[in-house]
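J.: Here it is: the structure, laid out below.
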Amino acid sequence: MPRIVELLIVFTALLFLIIPIAVTGAALYLALGSPVFFRQTRVGKDFRVFDILKYRTMTNDVDENGKLLPDEMRQTRFSKFIRRVRLDELPQILAIAKGDMALVGPRPLLPQTIESFGELGIERCKVRPGLTGWSQVNGNVNLTNAQKLKLDLWYVYHRSLLLDFKIIVATIGVVLFGENVNDDRITTAESWLREVGLAEQFENKEFV
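Going letter by letter, the sequence shown gives residues 27 to 234 in the numbering used here.
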């Protein structure tokens, strides 16, 4: 997507989202306390690292040994809802405005995760990570890490303005109706990977 089109969409969206952003932050502060934001280092295009900013949706509850409880146990009913409708990701609009992220692209991941991809990580990092993307609208949390990577790589080599708008529309559907795995699109990505000779790099490999 051309940068000027992306910025036009982002700043137009901000006019409508400024109130939801403020209300979400205030509600999470009342529900979980301070800090309201969660900051973490992620990898962007060409392996450039940047700090991602999201709303914090988990408590700091620990077990008897002082170890953080599993993610599922540190979420409240309200914070689960915030995550399901992706309101926790709204602060990432600032990263799009800065140019660290794109509106559409593969999800920004941790450095160690990108490292585990090996050469496939190099291919994945040819584009900026996005607020939403092909794997996010085709199953997201219901996919394995390998399936997400296959969909992301397919997107990197097939991206277009039309596809980006298709993903944006699909994202609205995910927010309203939930995440569902699209097996046909995974199969398409796997067939393409075989055609270009990248499928073998998925064999006997574990992605974190």
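Positions of the beta carbon are idealized from the N, C-alpha and C atoms, including for glycine.
1) May I ask you to report which of helix, strand or coil DSSP gives Q1?
2) Just verifying my parser: in three-state terms, what is the DSSP assignment at T158?
3) Could you tell me which of D72, L40, V111 sits nearest to T83, measuring between CA atoms?
4) Taking only three categories from DSSP, how would you classify Q138?
5) Could you please give the first and the last residue of the uninterrupted beta strand (DSSP E) stretch that includes T213?
6) Kindly indicate which residue of Y55, L135, A52 has the alpha-carbon position closest to the one of G71.
7) Does DSSP put F64 in a helix, a strand or coil?
8) For the 8 Å Cβ check, are there 3 or more pairs between the segment 143 to 156 and the segment 178 to 186?
9) Output the residue ranges of the beta strand (DSSP E) runs that lie fully inside the segment 65 to 128 and measure 3 residues or longer, sorted by chain position.
T.: Taking the definition as stated:
1) Here the chain covers residues 27 to 234 and nothing more, so residue 1 does not appear.
2) strand
3) That would be V111, whose Cα lies nearest to the Cα of T83.
4) Of the three classes helix, strand and coil, the one that applies to Q138 here is helix, per DSSP.
5) Unbroken run through T213 is the alpha helix (DSSP H), 209 to 221; no beta strand (DSSP E).
6) First, the amino acid is wrong: residue 71 is Lys here, not Gly. Selected option, being the one with the closest Cα: L135.
7) When secondary structure is reduced to three states using DSSP, F64 falls in the strand class.
8) yes
9) 75 to 81
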